[in-house]
Amino acid sequence: MGEPQRILVVDDEVGMREGCRRILAAEGFVVETAADGRAALEHFQAAGGFDVVISDLKMPRMGGMDLIEALHAIDEDALLLVITAYATIDTAVDATKRGAYGYIPKPFTPDELLLHVRNGLEKRALRLEARQLREERERRLLEVAFERSKSTTILNCMTDGVLVINRHGQIVLRNQALSRILPDGMPLPTPVETLGIPELSDLVLEVVRSEDALIASKELAIGPCTYMVNAAPVREPVGETLGAVAVLRDITALKKLEVAKSMFVSMVAHELKSPLATIESSLGLILSGAAGNDAERDRHLMNRALLRATTLRTLVGDLLNLTAIETGNFTLKRTRTDVCRVVREVVDGLADKAAEKGVSLALACDEPLAASEILADTNAIHSVITNLIDNAIKYTPKGGHVSVRVDDAGAYARVSVQDDGIGMTAAERDRVFDEFYRVKNEQTAAIPGTGLGLTLVRRLVEMHQGRIDVDSTPGRGSTFRVRLPTTAYAQGA
Amino acid sequence: MNTERKVLLIDDDADLVAINEAVFAARGFTVDKAYNGKVGFERARDGKPDAIVLDVMMSTNSEGFDLARRLRGDDATRGIPLVMVTSVNSTVPFTYEPDGVFLPVDRFLEKPVPPETLVHEVERILASLPGTGS
Ligand SMILES: Nc1ncnc2c1ncn2[C@@H]1O[C@H](COP(=O)(O)OP(=O)(O)OP(=O)(O)O)[C@@H](O)[C@H]1O
Ligand SMILES: [Mg+2]
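Chains as they are written, first to last, in this note's numbering: chain H, 1 to 493; chain F, 494 to 627.
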């Protein structure tokens with residue numbers, strides 16, 4: 001059957017060795033011989049093992065007893081038969097105790113030898129089979145353990161909470177994220193109700209009990225957080241429901257964003273609604289004549305309506321720009337821009353407005369600036385400076401002064417807009433960059449505006465890697481300073 | 494009817510006050526104005542108006558409410574009819590009950606209120622008062 005079986009005969013007597021070889025070879029075995037234990041060991045190792053080793057006990061260099069141990073160290077299933085004279089039967093028994101499979105008393109007939117060898121081979125086959133089974137089982141166990149630890153690791157690495165219940169509604173598995181969401185040291189399995197969150201247990205139980213593969217979703221508030229729970233049945237391929245798995249995803253941030261978004265929309269709506277209502281009422285009043293005709297009053301109302309319409313248009317423009325920035329649709333077209341030149345243009349453009357209000361507007365630009373050139377979107381910088389100077393004029397009463405200055409500030413070109421107007425308290429100053437924030441007091445009541453100007457200013461400055469800061473004292477005035485990195489700096493010079 | 498009817502308009506939107514002033518004046522009212530709660534209270538106490546029109550949101554979300562409570566708590570102003578105008582419902586995420594305890598006003602109107610409607614409301618409240626001209 002298959003490959004011929006291999007036998008090693010170890011004996012210091014040549015006659016014995018050759019006798020055995022002849023008997024066994026005649027039966028189709030492959031037989032090799034060795035003269036002592038040490039030679040046998042070397043042979044065994046070089047040949048990669050034998051099916052049976054037949055060995056004498058008393059030999060020079062290494063005897064049979066030591067050979068047993070040495071062989072078993074190499075192959076624990078190595079099968080060894082000792083040959084022994086009647087006189088040393090005790091030693092033979094001792095040898096079997098030490099791991100020899102059996103002993104063949106001398107003298108023996110060829111049939112006796114063959115019988116022992118055949119028994120030994122059978123035993124050896126059984127041993128090998130057992131070893132194979134053992135190894136197989138160990139490998140499978142290892143695989144299972146590995147698979148399990150792999151999926152456990154994956155489950156625990158998930159940021160979503162995972163909860164598995166069996167068909168009796170008991171929790172059989174939960175990952176670490178879930179333990180963070182629902183701290184609970186309860187040993188598993190435990191009824192899902194012990195979580196103390198009826199909405200969650202009701203949901204998964206409903207899924208487990210449902211006839212058709214129901215997948216249920218629900219928003220769940222746990223503590224300060226909101227979770228989206230998705231629960232699905234766990235089914236066998238044939239269709240029987242084994243349980244349910246629920247995944248809890250933290251959507252708190254999303255929720256907050258939603259709230260912030262609707263707050264923003266409602267603020268915008270309000271900002272649009274009030275001036276529109278005023279414009280509507282003014283025009284309605286004048287056209288209907290419900291309040292009689294007073295040419296001067298009507299003219300005033302129409303002027304105010306016009307002013308508010310203009311403000312509305314600015315608001316819509318600012319909103320569009322802000323939205324574009326927020327959605328990433330606002331791309332800066334950066335070119336080499338001379339800050340001094342842009343500031344001068346803006347100051348020239350606003351000179352009439354300042355004069356009309358009776359506020360002086362002065363520009364100091366220490367030219368040539370060492371580095372007044374910046375890499376910037378000229379339009380954006382124009383609108384930043386316009387907003388700041390426009391505010392300074394707006395929030396400075398008649399007779400006041402606005403002075404604009406451009407100078408070097410290390411790696412930055414700095415634009416300062418200073419006024420001696422109404423100023424702000426520290427609390428007000430901290431909020432001026434907030435969307436729609438406007439200081440409300442008697443002095444600002446009649447000044448139109450939406451509170452988006454500075455929000456946009458800061459966004460634009462930040463997009464240029466610049467900085468903006470404010471100094472202000474109520475009744476004494478404010479100074480807004482913008483710093484923009486110069487090209488020299490941007491190029492790392 | 495009485496000839497000397499006086500209304501106090503309190504709102505931080507000066508344009509709205511100007512429009513309402515025109516309509517009230519055309520209907521024969523004397524109009525007094527205030528653009529914040531503090532001045533509003535002083536005008537109410539010293540000017541003895543027959544009715545007050547008050548905006549809820551001025552510099553703070555509750556300035557109008559605070560003023561309403563203050564007017565109701567002061568002997569000099571307690572009896573003056575109060576019409577409150579607001580856009581609170583549509584802008585701030587809180588609601589209120591227009592009941593006498595929390596909101597001690599006679600009439601509650603949501604912005605925008607056409608000026609004529611406002612005048613009608615004030616006239617109706619004044620007409621329903623017992624013992625006019627006391
Ligand atoms: N130079 C200043 N002096 C005093 N207060 C100021 C000054 N600049 C801004 N503020 C205050 O900061 C608020 C926000 O300014 P911002 O430019 O964002 O809005 P706005 O001027 O009211 O409206 P707009 O969107 O039309 O510019 C102003 O309403 C005002 O109260
Ligand atoms: Mg502005």
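We put the CB at the ideal spot given by N, CA and C, even for glycine.
These figures come from a predicted structure and were not determined experimentally.
What first and last residue would you give for the alpha helix (DSSP H) that runs through residue i?
i, result
"residue 507/F", "507 to 519"
"residue 65/H", "64 to 74"
"residue 45/H", "37 to 47"
"residue 531/F", "530 to 540"
"residue 121/H", "110 to 157"
"residue 97/H", "89 to 97"
"residue 26/H", "14 to 26"
"residue 461/H", "453 to 463"
"residue 612/F", "608 to 621"
"residue 83/H", "First-last for residue 83/H: 80 to 85, but that is the beta strand (DSSP E), not the alpha helix (DSSP H)."
"residue 563/F", "556 to 566"
"residue 240/H", "Note, residue 240/H: premise wrong, no alpha helix (DSSP H); not H, not E."
"residue 316/H", "295 to 326"
"residue 427/H", "426 to 431"
Ligand 2 heavy atoms versus the CB of residue i: any closer than 7 Å?
i, result
"residue 390/H", "yes"
"residue 530/F", "no"
"residue 410/H", "no"
"residue 449/H", "yes"
"residue 156/H", "no"
"residue 321/H", "no"
"residue 512/H", "Outside the shown range of chain H (1 to 493) lies residue 512/H, about which nothing can therefore be said."
"residue 387/H", "yes"
Taking 7 Å as the cut-off, does the CB of residue i come closer than this to any heavy atom belonging to ligand 1?
i, result
"residue 452/H", "yes"
"residue 422/H", "yes"
"residue 394/H", "yes"
"residue 516/F", "no"
"residue 278/H", "no"
"residue 432/H", "yes"
"residue 227/H", "no"
"residue 419/H", "yes"
"residue 478/H", "yes"
"residue 318/H", "yes"
"residue 455/H", "yes"
What residues are listed by DSSP as bridge partners for residue i?
i, result
"residue 577/F", "547/F, 601/F"
"residue 508/H", "For residue 508/H there is no data in the structure shown, the boundaries of chain H being 1 and 493."
"residue 249/H", "228/H"
"residue 210/H", "Its beta-bridge partners do not exist; DSSP assigns none."
"residue 412/H", "409/H, 485/H"
"residue 197/H", "None; residue 197/H has no bridge partner."
"residue 5/H", "DSSP, once it has assigned bridges, lists no residue as partnering residue 5/H."
"residue 218/H", "229/H"
"residue 254/H", "Answer is none; residue 254/H lacks a bridge partner."
"residue 277/H", "Partner(s): none; residue 277/H has no beta bridge."
"residue 418/H", "403/H, 479/H"
"residue 338/H", "373/H"
"residue 235/H", "241/H"
How would you write the range of the beta strand (DSSP E) that residue i sits in, first residue to last?
i, result
"residue 55/H", "52 to 56"
"residue 401/H", "401 to 409"
"residue 522/F", "522 to 527"
"residue 102/H", "102 to 106"
"residue 502/F", "498 to 503"
"residue 33/H", "30 to 34"
Task: beta strand (DSSP E) segments (min. 3 residues) lying fully within the segment 352 to 387 of chain H - done: 360 to 365, 373 to 377
- [ ] Please determine if the segment 10 to 29 of chain H and the segment 52 to 62 of chain H are in contact, where contact requires at least 3 C-beta pairs separated by less than 8 Å.
- [x] yes
Task: the segment 478 to 486 of chain H contacting the segment 460 to 470 of chain H, beta-carbon criterion three pairs below 8 Å - done: yes
TODO: Mind the definition here: the segment 308 to 327 of chain H touches the segment 518 to 534 of chain F only if three or more C-beta pairs lie below 8 Å; say whether that holds.
DONE: no
Open item on the list: Count Cβ pairs between the segment 406 to 415 of chain H and the segment 438 to 449 of chain H that sit closer than 8 Å; are there 3 or more?
Closed with: no
- [ ] Would you be able to state if there are at least three C-beta pairs under 8 Å between the segment 143 to 157 of chain H and the segment 197 to 205 of chain H?
- [x] no
Open item on the list: Does the structure place the segment 342 to 355 of chain H close enough to the segment 297 to 317 of chain H that three or more beta carbon pairs sit under 8 Å?
Closed with: no
TODO: Would you be able to state if there are at least three C-beta pairs under 8 Å between the segment 142 to 153 of chain H and the segment 203 to 216 of chain H?
DONE: no
- [ ] Write down every uninterrupted run of the beta strand (DSSP E) in the segment 163 to 194 of chain H whose length is 3 residues or greater and which is fully enclosed by it, in chain order.
- [x] 170 to 174
- [ ] Evaluate contact between the segment 35 to 45 of chain H and the segment 87 to 106 of chain H, counting only Cβ atoms and requiring at least three cross-stretch pairs below 8 Å.
- [x] no
Open item on the list: Count Cβ pairs between the segment 500 to 515 of chain F and the segment 532 to 552 of chain F that sit closer than 8 Å; are there 3 or more?
Closed with: yes
Open item on the list: Across the segment 420 to 437 of chain H and the segment 394 to 401 of chain H, are there enough close Cβ pairs to call them in contact, namely three or more that are closer than 8 Å?
Closed with: yes
Open item on the list: With three or more C-beta pairs closer than 8 Å as the rule, is the segment 231 to 248 of chain H touching the segment 163 to 177 of chain H?
Closed with: yes
TODO: Would you check if there are 3 or more beta carbon pairs closer than 8 Å linking the segment 426 to 437 of chain H to the segment 278 to 294 of chain H?
DONE: no
Open item on the list: So, does the segment 9 to 26 of chain H touch the segment 55 to 66 of chain H, judging by three or more C-beta pairs under 8 Å?
Closed with: yes
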